[in-house]
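Chemist:
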Amino acid sequence: MPELPEVETTLLGIAPALTGRSVEEIVVRNPALRWPIPTEIHHARGRTVANCRRRAKYLLIEFDGGGGLLMHLGMSGSLRVCDGSDEPRKHDHYDLRLEDGSCLRFNDPRRFGALLWWDPPAEDHELLRGLGPEPLSEDFSGADLWRRSRGRKVAVKNFIMNGRIVVGVGNIYASEALFMAGIHPSRPAGRIARVRYDALVLAIRDVLMRAIRHGGTTLRDYLNSDSRPGYFARELLVYEREGQPCFRCRTPIRRRVIGQRSSYYCHRCQR
DNA sequence: CTTTACGCCTGACGGC
DNA sequence: TGCCGTCAGGCGTAAA
2 MPELPEVETT LLGIAPALTG RSVEEIVVRN PALRWPIPTE IHHARGRTVA NCRRRAKYLL
62 IEFDGGGGLL MHLGMSGSLR VCDGSDEPRK HDHYDLRLED GSCLRFNDPR RFGALLWWDP
122 PAEDHELLRG LGPEPLSEDF SGADLWRRSR GRKVAVKNFI MNGRIVVGVG NIYASEALFM
182 AGIHPSRPAG RIARVRYDAL VLAIRDVLMR AIRHGGTTLR DYLNSDSRPG YFARELLVYE
242 REGQPCFRCR TPIRRRVIGQ RSSYYCHRCQ R
């Protein structure tokens, strides 16, 4: 999926199209997503969008007077702004039809995405409760990562991909940030020094911010709200570069499955 | 509590 | 050309 930069890019694209407009109706073409689309989403009908924001990889559409829609792109989902009269394509699950005739349309071949209704406050939603800090906020620090990792044997790559520790770091950016910080992905989280966590936090922030500037990473499915791909794939240092030379020391990049996910690293530069 | 494994799905790709 | 196995960016859940 879409990791944090892709969700943020989508947010930046859809917010201007939604904010201040009212929802005429939501057309559900195929309710089969991760959870079946519940009928409560129709509470959105006739309501005006007060604000659009992101928490972790969730998109939150908040309405005047409270309540809102919670959207998740899953692994292959994308939202696009289009004209309501455009012909729907395969895997177009729902339309958010707006008063001006435009429409926000969700496409998701693998159906791991979600569309849910929530009542305020949003942070009380089951799915948002217990989430860790936003990586681009001041709440995310090396001191905090270090403290929370003490005594834990889990591989550091799984540790930073755990949403209770920090949100929004998926498989691609976890590999990238660990390379930038010189940390081996399978090193136990509890056996990493404080200063190295400071470096890791800087690397995570840096890679996420650069990816947002490039419109995210498109490897397979991801498209932004204008149906265009992201261009960060060409900036990747290790991800999907197995066998190719490390940009720092020329040693071939290795791939290894850690916690059921492919991980890419330089065994010479990362310890 | 932490850690691990498993599905939920479709589609793209490589090997035969 | 077709069939089959493998793999893919997330994440909640069950079980150890």
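The letter at position 4 of the first sequence is residue 5 when you use this note's numbering, and the numbering goes up by one with no holes.
Virtual Cβ for every residue (Gly too), placed ideally from N, Cα, C.
Predicted model only: the values in this text are computed from it and were never measured.
1. So, for V8: in the same chain, excluding its five sequence neighbours on each side, which residues have a beta-carbon less than 7 Å away from its beta-carbon?
2. Along the chain, where does the alpha helix (DSSP H) containing W147 start, and where does it finish?
3. Pick out the complete beta strand (DSSP E) segments inside the stretch 2-65, 3 residues or longer, and give them in chain order.
4. How many angstroms separate the CA atom of P121 from the CA atom of G67?
5. Going by the beta-carbon positions, is the gap between S273 and S226 smaller than 9 Å?
6. Taking its Cβ as the centre, do 16 or more other Cβ atoms sit within 10 Å of V196, making it buried, or is it exposed?
7. On a Cα-Cα basis, can you pick out the residue from D87, R35 and V24 that is closest to I42?
8. Any idea if L220 is buried or exposed, counting beta-carbon neighbours within 10 angstroms, 16 or more meaning buried?
9. Under DSSP, the alpha helix (DSSP H) around V176 begins and ends at which residues?
10. List the endpoints of the continuous beta strand (DSSP E) containing V209.
11. With a CB to CB cut of under 6 Å and the five nearest residues on each side skipped, what residues in its chain are close to N108?
12. I need the straight-line Cα distance from R242 to R255, nearest angstrom please.
13. Taking the continuous beta strand (DSSP E) assigned at I259, which residues delimit it?
14. What are the start and end residues of each continuous beta strand (DSSP E) run of 3 or more residues lying completely inside the stretch 73-153, in chain order?
15. Could you check where the alpha helix (DSSP H) with N225 kicks off and where it finishes?
16. Can you tell me whether A33 is buried or exposed, with buried defined as 16 or more other CB within 10 angstroms of its CB?
17. When you compare each of L70, R90 and R98 to I27 by their alpha carbons, which one comes out closest?
18. For T20, I'd like the list of residues in its chain whose CB is within less than 8 Å of its CB, leaving aside the five on either flank, ordered along the chain.
19. Can you tell me which of the three DSSP states R235 falls into?
20. Would you tell me roughly how many angstroms separate the C-alpha atoms of G152 and E236, rounded to the nearest one?
21. How is G169 classed by DSSP in three states: helix, strand or coil?
22. When the Cα atoms are used, what is the spatial distance from Y266 to S176?
23. Who are L71's beta bridge partners in DSSP?
24. CB-CB under 8 Å to W118, same chain, minus the five flanking residues each way: which ones, in chain order?
Modeler: Answer, in terms of the structure:
1. Counted from its first residue, the first sequence places residue 8 at position 7. Closer than 7 Å at Cβ, skipping near neighbours: R55, K58, L60 and L74.
2. Your numbering for residue 147 matches position 146 in the first sequence. W147 -> alpha helix (DSSP H) spans G143 to S150.
3. If only complete runs of 3 or more residues are kept, the stretch 2-65 shows the beta strand (DSSP E) at 24-29, 50-56 and 59-64, in order along the chain.
4. Your numbering for residue 121 matches position 120 in the first sequence. Your numbering for residue 67 matches position 66 in the first sequence. When rounded, the distance between both Cα atoms is 6 Å.
5. Summary: the structure shown does not reach residue 273, with the chain confined to residues 2 through 272, and so no result is reported for it.
6. The sequence position of residue 196 within the first sequence is 195, counting from 1. The residue is exposed, with fewer than 16 neighbouring Cβ atoms inside 10 Å.
7. The residue you call residue 42 lines up with position 41 of the first sequence. Closest option to I42, Cα to Cα, is V24.
8. Translated into the one-based positions of the first sequence, residue 220 becomes position 219. Counting Cβ neighbours within 10 Å, L220 comes out exposed, since fewer than 16 surround it.
9. As a working note, residue 176 is residue 175 in the first sequence. Looking at the sequence shown, residue 176 is not Val but Ser. Looking at the DSSP string, the run of the alpha helix (DSSP H) that includes S176 is N172 to A182.
10. In the first sequence, residue 209 corresponds to position 208, counting from 1. Sequence check: residue 209 is Leu here, not Val. Note, L209: premise wrong, no beta strand (DSSP E); alpha helix (DSSP H) at R195 to R214.
11. As a first step, residue 108 must be located in the first sequence, where it is residue number 107. Taken in chain order, the residues that qualify are S79, H92 and D93.
12. What you label residue 242 is simply residue 241 of the first sequence in a count that begins at 1. What you label residue 255 is simply residue 254 of the first sequence in a count that begins at 1. Approximately 8 Å between the Cα atoms of the pair.
13. Counting from one through the first sequence, the residue named residue 259 turns up at place 258. Per DSSP, the continuous beta strand (DSSP E) segment holding I259 begins and ends at R255 to I259.
14. Here the runs fully enclosed are 79-84, 93-99, 103-108 and 115-119.
15. Against the first sequence, residue 225 aligns to sequence position 224. For N225, no alpha helix (DSSP H) run applies, since DSSP gives it neither H nor E.
16. Residue 33 sits at position 32 when you count from the first residue of the first sequence. By the 10 Å Cβ count, A33 comes out exposed.
17. For this step, residue 27 is matched to residue 26 along the first sequence. Nearest C-alpha to I27: R98.
18. Residue 20 sits at position 19 when you count from the first residue of the first sequence. The answer, listed in chain order, is V50, A51, N52 and C53.
19. What you label residue 235 is simply residue 234 of the first sequence in a count that begins at 1. In the structure shown, R235 adopts helical secondary structure according to DSSP, grouped into three states.
20. Here residue 152 is taken as the residue at index 151 of the first sequence, counted from 1. Here residue 236 is taken as the residue at index 235 of the first sequence, counted from 1. About 35 Å.
21. Here the question's residue 169 lines up with position 168 in the first sequence. The answer is coil: DSSP assigns G169 none of H, G, I, E or B.
22. Here residue 266 refers to the residue found at position 265 when the first sequence is read from its first residue. Here residue 176 refers to the residue found at position 175 when the first sequence is read from its first residue. A straight-line Cα-Cα distance of about 7 Å links Y266 and S176.
23. Position 70 of the first sequence, counted from the first residue, corresponds to residue 71. Looking at the DSSP assignment, L71 forms a beta bridge with L61 and L117.
24. The residue given as residue 118 occupies position 117 in the first sequence. Setting aside the 5 residues that flank it on each side, W118 is surrounded in the same chain by P39, E41, I42, H44, A45, G68, G69, L70 and L71, each with a C-beta closer than 8 Å to its C-beta; the list follows chain order.
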